[in-house]
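> Take this structure first; my questions come after.
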Amino acid sequence: MKLSEKFEEALIYATRVHGNQMRKKTGIPYIAHILGVTAIALEYGANETEAIAALLHDTVEDCGGAERLRDIRERFGNDVARIVDGCTDTYEMPKPPWLERKRSYIEHLKESDASTRLVSASDKLHNTRAILAELRRNGLEVFERFAGKKDGTLWYYRTLVTAFRQHGDHADLIDELDRVVSEIEKFVEECIS
3 MKLSEKFEEA LIYATRVHGN QMRKKTGIPY IAHILGVTAI ALEYGANETE AIAALLHDTV
63 EDCGGAERLR DIRERFGNDV ARIVDGCTDT YEMPKPPWLE RKRSYIEHLK ESDASTRLVS
123 ASDKLHNTRA ILAELRRNGL EVFERFAGKK DGTLWYYRTL VTAFRQHGDH ADLIDELDRV
183 VSEIEKFVEE CIS
């Protein structure tokens, strides 16, 4: 598949929106996450619409809410906006409590479409790979930067694997997410014992 100028436009848009952001307490530019999620989505069969949504998946939640979603709809179309909306866990500011948001997002996945699940699972896979790499470098203190801490974070990602599996699509991607989550669980278990 050849990507069009629309993809390039979305890449520039995402870079401008996230340009000054960093990943939580890592010093890694946030755009690295955006590019990683997009690469994963493409590797697991994303079409251009899904790849554009992957580039933009965090722009609404982190950078502008409903107004940002309207702008995405105008620039990139309804399908991209629908996927981005499906990857957004809240529009509220301040954000609701962490556990409430995560439970709501997991429930929302039950009604989501295959494109939204592809981008969301790509996002979660990139996040879990980053967590695992940080765990290997810095140990369990990594969980202190997350609102859910260790137990909540482990619960969330394991529950997401279960929720994604219920649909039966994107099996290779979900298998990889499951493998990484299992590695995190094993690492934590070994540190605790």
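The numbering used here puts the sequence shown at residues 3 to 195. A virtual CB, placed ideally from N, CA and C, is assigned to each residue, including glycine. Note that the structure is a prediction, hence the values are computed from the model and not measured.
Strictly by DSSP, which residues pair up with residue 24?
31
> Quick check: what's the CA-CA separation for residue 58 versus residue 50?
12 angstroms
> Using 7 angstroms as the limit for Cβ to Cβ distance, is residue 173 near chain D?
Among the chains in the structure shown there is no chain D, since it carries only a single protein chain.
> If you follow the alpha helix (DSSP H) that residue 147 is part of, which residue opens it and which one closes it?
First-last for residue 147: undefined, no H or E at that position.
> If I measure Cβ to Cβ from residue 70 and keep anything under 7 angstroms in the same chain, skipping five residues before and after, which residues do I get?
61, 62
> Is it buried or exposed, residue 139, if we count other Cβ atoms within 10 angstroms and call 16 or more buried?
With fewer than 16 other beta carbons inside 10 angstroms of its own, residue 139 counts as exposed.
> Can you list the alpha helix (DSSP H) stretches of 4 or more residues lying completely in the region 106–156, in chain order?
116–140
> Is the beta carbon of residue 155 less than 7 angstroms from the beta carbon of residue 166?
At the C-beta level, residue 155 and residue 166 stay beyond 7 angstroms of one another.
> Within 10 Å of its beta-carbon, does residue 22 have 16 or more other beta-carbons around it, so buried, or fewer, so exposed?
exposed
> Please report how far the alpha carbon of residue 193 lies from the alpha carbon of residue 101, in whole angstroms.
25 angstroms
> Compute the Euclidean distance between the alpha carbons of residue 148 and residue 104, then round it to the nearest angstrom.
13 angstroms
> Classify residue 66 as helix, strand or coil using the three-state DSSP reduction.
coil
> Distance, Cα to Cα, residue 38 vs residue 130?
12 angstroms
> Of all the options 188, 136, 5, which has the alpha carbon lying nearest to the alpha carbon of residue 160?
Nearest C-alpha to residue 160: 188.
> In terms of alpha-carbon separation, which member of 172, 195, 169, 157 lies closest to residue 184?
157
> Measuring straight from C-alpha to C-alpha, what distance separates residue 121 and residue 195?
Each residue's Cα considered, the two are about 35 angstroms apart.
> For residue 180, does the count of other Cβ atoms within 10 angstroms reach 16, so buried, or fall short, so exposed?
By the 10 Å Cβ count, residue 180 comes out buried.
> With 16 as the cutoff for other CB atoms within 10 Å, does residue 133 come out buried or exposed?
buried
> Let me know the secondary structure DSSP gives residue 193 once reduced to three states.
helix
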